[in-house]
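Structure first, commentary second.
Numbering (our numbering), first residue to last: 1353 to 1489.
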C-alpha cells in the first residue's frame, strides 16, 4: 500500500473559526475528506461592559479577546497585542494596536522592562489562561 492510498487524515480540535483557518493552510496537500474538524471547545462571550471610557489601554493575548471587546468606540484606546493576527484584528476594529511580542512571556518581558503604563489597563481574556498576566504585572 502506498502513501497516497493510505489517505492520511488531519483531525483539528480547535474552536470552529480557528479550525477553519488552520485547515486552510493544508488545502494544497490534503483533500477535503482528509481534514476532519471536530472542535473540543466553543468560545462563548460574556456580556461586555457598556463602556470602556475609563480604560485607556487594553491587552489582547488572542483574537478571541479582540472579538469579545468588539469594535472600538474610542479610537484613542491603545491595544497592546500578542501576535500578528491579534494585532491586525484589533487594528481593523479601530484600536490603536501595537504588537508587543509573539507570546505572553515576550509581552510581559517588554512591559516589565519598559515604562509603566500610567493609566487603567484591562486584559480581556477567557476563563482559562496559560499565564496570570495581571498578577505578574
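No residue lacks a Cβ here, since even glycine has one placed at the ideal position from N, Cα and C.
Cross-strand partners of residue i (DSSP beta bridge)
i	result
residue 1448	1430
residue 1501	This structure leaves residue 1501 out entirely; the chain is present only between 1353 and 1489.
residue 1362	1387
Limits of the beta strand (DSSP E) - the one that residue i falls within
i	result
residue 1410	1409-1412
residue 1382	Unbroken run through residue 1382: none, as it is neither H nor E.
residue 1475	1473-1476
Residue nearest to residue i in terms of C-alpha spacing, selected from the options
i	options	result
residue 1366	1454, 1360, 1359, 1375	1375
residue 1483	1432, 1413, 1441	1413
residue 1389	1457, 1361, 1396	1361
residue 1436	1459, 1429, 1477	1459
For residue i, the three-state DSSP class (helix, strand or coil)
i	result
residue 1393	coil
residue 1398	coil
C-beta contact flag for residue i and residue j at 9 Å
i	j	result
residue 1439	residue 1417	no
residue 1433	residue 1474	no
residue 1419	residue 1441	yes
residue 1387	residue 1485	no
residue 1450	residue 1407	no
residue 1463	residue 1476	no
Check: residue i C-beta below 8 Å from any heavy atom of the ligand MN
i	result
residue 1460	Ligands in the displayed structure: none, and consequently the ligand MN is not present.
Residue span of the alpha helix (DSSP H) that contains residue i, given as start and end
i	result
residue 1416	1415-1421
residue 1483	Taken as a continuous stretch (DSSP letters only), residue 1483 belongs to no alpha helix (DSSP H), as it is neither H nor E.
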